[in-house]
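*Asks:* I'd like to ask you about the structure that follows.
In this note's numbering, the protein residues as written are 2 to 681.
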């Protein structure tokens with residue numbers, strides 16, 4: 002049954018009869034006692050082990066005073082930015098500040114600092130110099146080595162160095178936090194540090210058995226060294242075969258990473274989710290509008306951890322890992338019954354899933370014996386591995402039992418369905434029941450792109466696999482008498498994606514009558530293969546060059562092509578189609594309203610000459626006007642992609658606006674559009 006919240010004030014600490022907490026947990030989000038929030042799980046795990054934990058959520062960080070709220074804790078501080086990196090939480094891919102924070106009371110932005118882990122630790126050191134500090138969560142986990150930081154556009158040292166914390170805990174940390182807290186309780190014996198799986202620490206000398214990574218200085222100076230370091234970090238993220246890693250951070254200190262912690266067994270997972278979570282946001286936020294992030298997961302059930310999909314742009318591999326573990330059927334049914342008993346339950350369970358909902362077990366029998374395959378081998382891409390076990394029967398059995406519970410009207414699956422894994426199953430019973438019972442009108446799937454080159458760099462299967470899934474989905478929906486839709490996740494400007502690839506995707510979307518309402522520019526976050534490619538321009542597996550679109554103009558063109566049907570994108574879409582010599586697609590992709598708007602603002606001069614090279618870069622050369630001079634005044638020399646592109650030759654009115662075309666010219670162009678459309 003649900004318990005009470007952990008104390009959040011000194012008065013609540015006193016009410017429990019404590020003279021002081023053992024640990025104060027400083028976290029950069031509101032206190033939500035729900036198992037979808039990492040701080041809630043860690044707090045409950047420590048409570049069950051007998052530790053006294055006080056929660057310090059969203060502390061005022063401009064001074065050290067808030068960190069003295071509970072006095073000096075007996076053992077130390079725990080620090081996390083929350084379930085998301087604070088920089089990702091605060092900024093869009095265009096580095097613009099976000100207006101909301103769904104993990105804060107009322108969705109209010111600005112309550113946590115940039116680089117929250119480091120800032121909180123600095124304030125703790127001010128308040129209580131020398132006190133043990135353990136950092137964890139996504140921000141610490143993904144920044145544990147020297148890493149490229151998109152927001153600073155440079156390589157930063159390990160967050161363990163910047164925060165001066167005692168230990169860094171990475172991955173899913175239930176067992177790790179217990180081991181490390183016990184280590185602190187026993188006086189932090191230095192000789193026991195190498196035994197703490199899932200932990201990093203600083204040392205003056207590298208351990209004898211450690212694999213040495215290129216140093217911080219090396220990877221800052223040499224992008225090939227960065228690739229070598231990242232690939233070794235990535236491949237050793239395996240609890241079965243992973244080794245101790247060591248990276249020199251400065252002249253006298255080394256970062257040491259112990260091997261990853263083993264994933265929780267089914268019994269251990271069941272015990273974690275059986276802890277007495279209230280499944281509510283703390284009442285102190287009621288007057289502030291609650292915590293928006295809770296609404297999405299309030300009636301959802303986390304069934305699995307880990308993902309062997311290993312998409313190159315996903316940081317989950319570097320945090321949760323690729324070995325899948327899952328809860329038992331009885332544990333899931335128990336939680337479903339609990340949800341159905343809540344007064345505000347309306348009969349709908351929103352999700353029974355995880356990182357990938359239809360994964361229940363490790364991908365093959367060899368995983369738990371030898372670990373995951375090395376050398377860039379993936380279970381599902383570019384083709385399904387012959388050793389992979391494809392079986393939906395266990396998941397299907399659970400869904401059937403949950404939807405039959407008293408009070409449950411519908412059970413939906415809103416977390417990701419891996420469609421290539423689904424299509425590899427020769428038994429389509431799960432697919433049929435998914436379509437009939439578990440889709441709330443729309444099913445979210447992630448083909449991400451369609452161009453073969455881009456998909457290969459993403460680590461995704463070829464588009465033909467998605468096409469088969471799409472056709473089957475609509476066929477089964479029709480047979481079930483349901484009008485349902487697929488909502489595809491699509492990404493622009495991923496490393497390897499050229500402008501021609503983006504045009505190819507736009508043409509695919511048009512032919513398949515797909516109009517994505519939301520698209521995502523590639524966001525370079527720490528800990529992914531794709532971010533390594535973005536920073537270095539190299540494939541870390543082969544060290545061969547990879548085209549990376551980094552210009553604002555190039556990104557805008559690729560993004561506009563994904564929503565080609567929007568009149569507001571007409572100018573960019575037409576420009577991209579002309580640059581790639583695909584003018585034949587203009588009447589198809591650009592709506593008439595958009596074409597007319599572009600015609601009205603068209604420049605008198607002929608378009609610039611654009612050359613797209615084999616590596617995806619392009620060169621813009623403005624055409625010459627009379628007398629061999631550029632028609633645009635002050636046009637800069639042509640530059641290749643990677644720098645700011647000059648505008649095509651044009652003449653502007655004194656106020657900076659393009660002059661209107663004569664009426665007869667406008668009429669001629671309208672006639673040309675209509676004629677072209679008829680021919681098509």
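Glycine included, every Cβ here is placed at the ideal spot set by N, Cα and C.
Could you tell me the alpha carbon to alpha carbon distance between residue 451 and residue 141, rounded to whole angstroms?
*Replies:* Along the chain shown, one-based indexing puts residue 451 at 450. Along the chain shown, one-based indexing puts residue 141 at 140. Approximately 34 Å between the Cα atoms of the pair.
*Asks:* Report the residue from 16, 33, 52, 228 whose alpha carbon sits nearest the alpha carbon of residue 24.
*Replies:* As a working mapping, residue 24 is identified with position 23 in the chain shown. Checking every option, the nearest Cα to that of residue 24 belongs to 52.
*Asks:* For the beta strand (DSSP E) that residue 362 lies in, which residues bound it at each end?
*Replies:* To locate residue 362, count along the chain shown from 1; it is residue 361. Premise fails: residue 362 is in no beta strand (DSSP E) and is neither H nor E.
*Asks:* Using 8 Å for Cβ pairs, my map puts residue 566 next to residue 597. What's the rounded Cβ distance?
*Replies:* Position 565 of the chain shown, counted from the first residue, corresponds to residue 566. Position 596 of the chain shown, counted from the first residue, corresponds to residue 597. The pair is not a contact, with the Cβ atoms about 15 Å apart (cut-off 8 Å).
*Asks:* Note down, one range per segment and in chain order, each alpha helix (DSSP H) of at least 4 residues found wholly within the segment 311-394.
*Replies:* Runs of the alpha helix (DSSP H) inside the segment 311-394: 317-320, 330-341, 368-371.
*Asks:* DSSP state of residue 467, grouped into three classes?
*Replies:* As a working note, residue 467 is residue 466 in the chain shown. Residue 467: helix per DSSP, three-state reduction.
*Asks:* At which residues does the alpha helix (DSSP H) containing residue 125 begin and terminate?
*Replies:* Locating residue 125 in the chain shown gives position 124, where the first residue counts as 1. Where residue 125 is concerned, the enclosing alpha helix (DSSP H) stretches over 117-128.
*Asks:* Note down, in chain order, each residue of its chain lying with its Cβ closer than 7 Å to the Cβ of residue 38, except the 5 sequence neighbours on either side.
*Replies:* The residue given as residue 38 occupies position 37 in the chain shown. Result list for residue 38: 84, in chain order.
*Asks:* Do you know how far the Cα of residue 277 is from the Cα of residue 541?
*Replies:* Residue mapping note: residue 541 aligns to position 540 of the chain shown, counting from 1. Residue mapping note: residue 277 aligns to position 276 of the chain shown, counting from 1. Computed Cα separation, rounded: 44 Å.
*Asks:* Compute the Euclidean distance between the alpha carbons of residue 439 and residue 171, then round it to the nearest angstrom.
*Replies:* Residue 439 sits at position 438 when you count from the first residue of the chain shown. Residue 171 sits at position 170 when you count from the first residue of the chain shown. Cα to Cα, residue 439 sits roughly 34 Å from residue 171.
*Asks:* What does the alpha-carbon distance come out to for the pair residue 441 and residue 489?
*Replies:* Within the chain shown, residue 441 is the residue found at index 440, counting from 1. Within the chain shown, residue 489 is the residue found at index 488, counting from 1. Roughly 15 Å separates the two Cα atoms.
*Asks:* What's the C-alpha gap between residue 583 and residue 242?
*Replies:* Translated into the one-based positions of the chain shown, residue 583 becomes position 582. Translated into the one-based positions of the chain shown, residue 242 becomes position 241. The straight-line gap from Cα to Cα measures roughly 50 Å.
*Asks:* Using CA atoms only, rank isn't needed, just tell me which of 494, 482, 326 is closest to residue 459.
*Replies:* Here residue 459 is taken as the residue at index 458 of the chain shown, counted from 1. The shortest C-alpha separation from residue 459 is found at 494.
*Asks:* From 254, 367, 463, 404, pick the residue whose C-alpha is nearest to that of residue 420; which is it?
*Replies:* Here residue 420 corresponds to residue number 419 of the chain shown, with the count starting at 1. Of the listed residues, the one whose Cα sits closest to residue 420 is 463.
*Asks:* Using a Cβ distance threshold of 8 Å, determine whether the segment 210-227 contacts the segment 173-184, with at least three qualifying pairs required.
*Replies:* Contact between the segment 210-227 and the segment 173-184 is absent, because fewer than three Cβ pairs lie under 8 Å.
*Asks:* In its own chain, which residues sit with a C-beta less than 6 Å from the C-beta of residue 72, not counting the 5 before and 5 after it?
*Replies:* Here residue 72 is taken as the residue at index 71 of the chain shown, counted from 1. The answer, listed in chain order, is 21.
*Asks:* Assuming the contact rule is C-beta atoms closer than 8 Å, residue 350 and residue 340 should be a hit. Round their C-beta distance to whole Å, please.
*Replies:* Stepping through the chain shown from its first residue, residue 350 is reached at position 349. Stepping through the chain shown from its first residue, residue 340 is reached at position 339. Indeed, because the Cβ distance is near 6 Å, the residues count as touching under 8 Å.
*Asks:* Name the one or two DSSP bridge partners that residue 489 has.
*Replies:* Position 488 of the chain shown, counted from the first residue, corresponds to residue 489. Residue 489 is bridged to 446.
*Asks:* Taking a contact to mean a Cβ-Cβ separation below 8 Å, would you say residue 397 touches residue 362 in this structure?
*Replies:* As a working mapping, residue 397 is identified with position 396 in the chain shown. As a working mapping, residue 362 is identified with position 361 in the chain shown. Cβ distance not < 8 Å, so residue 397 and residue 362 don't count as in contact.
*Asks:* Between which residues of its own chain and residue 455 is the CB-CB distance below 7 Å, once the five residues before and five after are set aside?
*Replies:* In the chain shown, the residue the question calls residue 455 occupies position 454. Only 495, 497, 498, 502 meet the Cβ criterion.
*Asks:* Does the contact criterion of 3 or more C-beta pairs under 8 Å hold for the segment 264-282 versus the segment 314-333?
*Replies:* Flag = yes, the segment 264-282 and the segment 314-333 touch.
*Asks:* Could you check the C-alpha separation between residue 659 and residue 481 for me, to the nearest Å?
*Replies:* The sequence position of residue 659 within the chain shown is 658, counting from 1. The sequence position of residue 481 within the chain shown is 480, counting from 1. A caution first: residue 659 carries a pLDDT of 36, below 50, which makes its placement in the model too unreliable to give a value.
*Asks:* Name the DSSP bridge partner or partners of residue 298?
*Replies:* Sequence index remark: in the chain shown, residue 298 carries index 297 (1-based). For residue 298, which the question treats as bridged, DSSP gives no partner whatsoever.
*Asks:* Hey, out of 163, 289, 147, 165, whose CA is closest to residue 226's CA?
*Replies:* On the chain shown, position 225 is the one that residue 226 refers to. The option with the nearest alpha carbon to residue 226 is 147.
*Asks:* What does DSSP give as the partner residues of residue 258 in its beta bridges?
*Replies:* Taking the first residue of the chain shown as 1, we reach residue 258 at position 257. For residue 258, which the question treats as bridged, DSSP gives the partners 201, 246.
*Asks:* Mind checking which residues open and close the alpha helix (DSSP H) that includes residue 159?
*Replies:* Walking along the chain shown from the start, residue 159 turns up at place 158. No alpha helix (DSSP H) holds residue 159; DSSP gives it neither H nor E.
*Asks:* For residue 149, does the three-state DSSP call read helix, strand or coil?
*Replies:* Within the chain shown, numbered from 1, the residue matching residue 149 stands at position 148. Looking at residue 149 - three-state DSSP - the assignment turns out to be strand.
*Asks:* Report back the beta-carbon spacing between residue 228 and residue 544 to the nearest angstrom; my notes put them in contact at under 8 Å.
*Replies:* On the chain shown, residue 228 is found 227 positions in, with the first residue counted as 1. On the chain shown, residue 544 is found 543 positions in, with the first residue counted as 1. The pair is a contact, with the Cβ atoms about 6 Å apart (cut-off 8 Å).
*Asks:* Along the beta strand (DSSP E) that carries residue 723, what are the first and last residues, could you check?
*Replies:* Past the boundaries of the shown model lies residue 723; the chain is included only from 2 to 681, so the question cannot be answered.
*Asks:* With distances taken Cα to Cα, identify the nearest neighbour of residue 130 among 522, 108, 166, 322.
*Replies:* What you label residue 130 is simply residue 129 of the chain shown in a count that begins at 1. When only C-alpha atoms are compared, the closest one is 166.
*Asks:* Starting from residue 71, follow the alpha helix (DSSP H) in both directions and report where the run begins and ends.
*Replies:* What you label residue 71 is simply residue 70 of the chain shown in a count that begins at 1. No alpha helix (DSSP H) contains residue 71, which DSSP labels as neither H nor E.
*Asks:* For the putative contact between residue 400 and residue 412, defined by C-beta atoms under 8 Å, what is the C-beta separation to the nearest angstrom?
*Replies:* Numbered from its first residue, the chain shown carries residue 400 at position 399. Numbered from its first residue, the chain shown carries residue 412 at position 411. Between residue 412 and residue 400 the Cβ distance is about 6 Å, and since that is below 8 Å, they are a contact.
*Asks:* Whether or not the segment 11-20 and the segment 249-261 are in contact is what I'm after, with contact meaning three or more pairs of Cβ atoms, one per stretch, closer than 8 Å; do they touch?
*Replies:* Contact between the segment 249-261 and the segment 11-20 is absent, because fewer than three Cβ pairs lie under 8 Å.
*Asks:* Compare the Cα-Cα distances from residue 348 to each of 102, 299, 223, 307 and report the closest residue.
*Replies:* In the chain shown, counting from the first residue as 1, residue 348 sits at position 347. When each option's Cα is compared against that of residue 348, the closest is 299.
*Asks:* Where does the unbroken beta strand (DSSP E) through residue 55 begin, and where does it stop?
*Replies:* Working through the chain shown from its first residue, we reach residue 55 at position 54. 54-58 is the span of the beta strand (DSSP E), which, as asked, contains residue 55.
*Asks:* With DSSP as the reference, label residue 548 as helix, strand or coil.
*Replies:* To locate residue 548, count along the chain shown from 1; it is residue 547. In the structure shown, residue 548 sits in coil (DSSP, three-state: anything other than H, G, I, E or B).
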